[in-house]
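Everything below concerns the one structure shown next.
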Amino acid sequence: MTQNINLKQSRINHIICKFLKRSADIIISVIILLLISPILLLIAISLKATSKGPIIFKQKRGGINNKEIIIYKFRSMTTQDNGLIVKQAVKNDARITPIGNFLRKTSLDELPQFINVIQGRMSIVGPRPHAIAHNIEYAKPIPEYNQRSLVKPGITGLAQINGYRGETNTLEKMQKRVDMDLHYINNWSLWLDIKIIFTTIWKGFNIKNTY
């Protein structure tokens, strides 16, 4: 399914479509943050009560055009890898906090990224932002890897709702994720974004391969 991006032909690069996508990002993010504020407070209290460290984990990730951005997550691990070597979480990972496994399985640890969306660093839907170390690692063995950074990264994406999320312990798994990301960029529509958002909500509490 290897493919290349043509931003001139993709609707995602049209001025009106950019405006619609950005407007939807802001409106939906504000509404969601208001609705889930009690949940955010509960998670924050639980994290502080069960493990040492900050409530919010700030990590350097690759943004649009591979420019470095800082993303926010609820801290789900005892370590805070943020350098040139970032070890992905694996099954039964000893670094995961007492409630970290639940947060990761349900994707609740990603909720602070709606703030990143309002800031303009991310979109609600798009290729997931990877750690800088992982961008360097996969750029060479997967020639089209960097094309996924031609658009803003997202909280969720086509790859995630199709099961290509979590640990990528083989090159094949990352290749499939990249293929999905490029397919999304080439075939973007506002309806596709809405479909991905609702599918994420539907599947969000039943993710088997996230550790």
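For the sequence shown, the working numbering begins at 4 and goes up steadily by one.
All C-beta atoms in this analysis are idealised placements derived from N, C-alpha and C, irrespective of residue type, glycine included.
Keep in mind the model is a prediction, meaning the values are calculated, not measured.
ask   = According to the Cβ coordinates, are residue 66 and residue 156 closer than 7 angstroms?
value = yes
inquiry  = So, with DSSP's three-state summary, where would you put residue 56?
reply    = coil
ask   = For residue 163, is the classification buried or exposed, using 16 other Cβ atoms within 10 angstroms of its Cβ as the cut-off for buried?
value = buried
message = My parser needs the alpha helix (DSSP H) runs of 4 or more residues fully inside the region 158-214; what are they?
response = 161-164, 174-189 and 193-206
task = Could you tell me the boundaries of the beta strand (DSSP E) in which residue 154 lies?
result = Unbroken run through residue 154: none, as it is neither H nor E.
Residue of 206, 195 and 205 minimising C-alpha distance to residue 27 = 195
For residue 128: DSSP bridge partner residues = 159
Buried/exposed call for residue 205, threshold 16 Cβ in 10 Å = exposed
query = Along the chain, where does the beta strand (DSSP E) that runs through residue 147 open and close?
reply = Premise fails: residue 147 is in no beta strand (DSSP E) and is neither H nor E.
query = Which word fits residue 30, buried or exposed, when buried means at least 16 other C-beta atoms lie within 10 angstroms of its C-beta?
reply = exposed
request  = For the beta strand (DSSP E) holding residue 76, just list the boundary residues, first then last.
outcome  = 71-77
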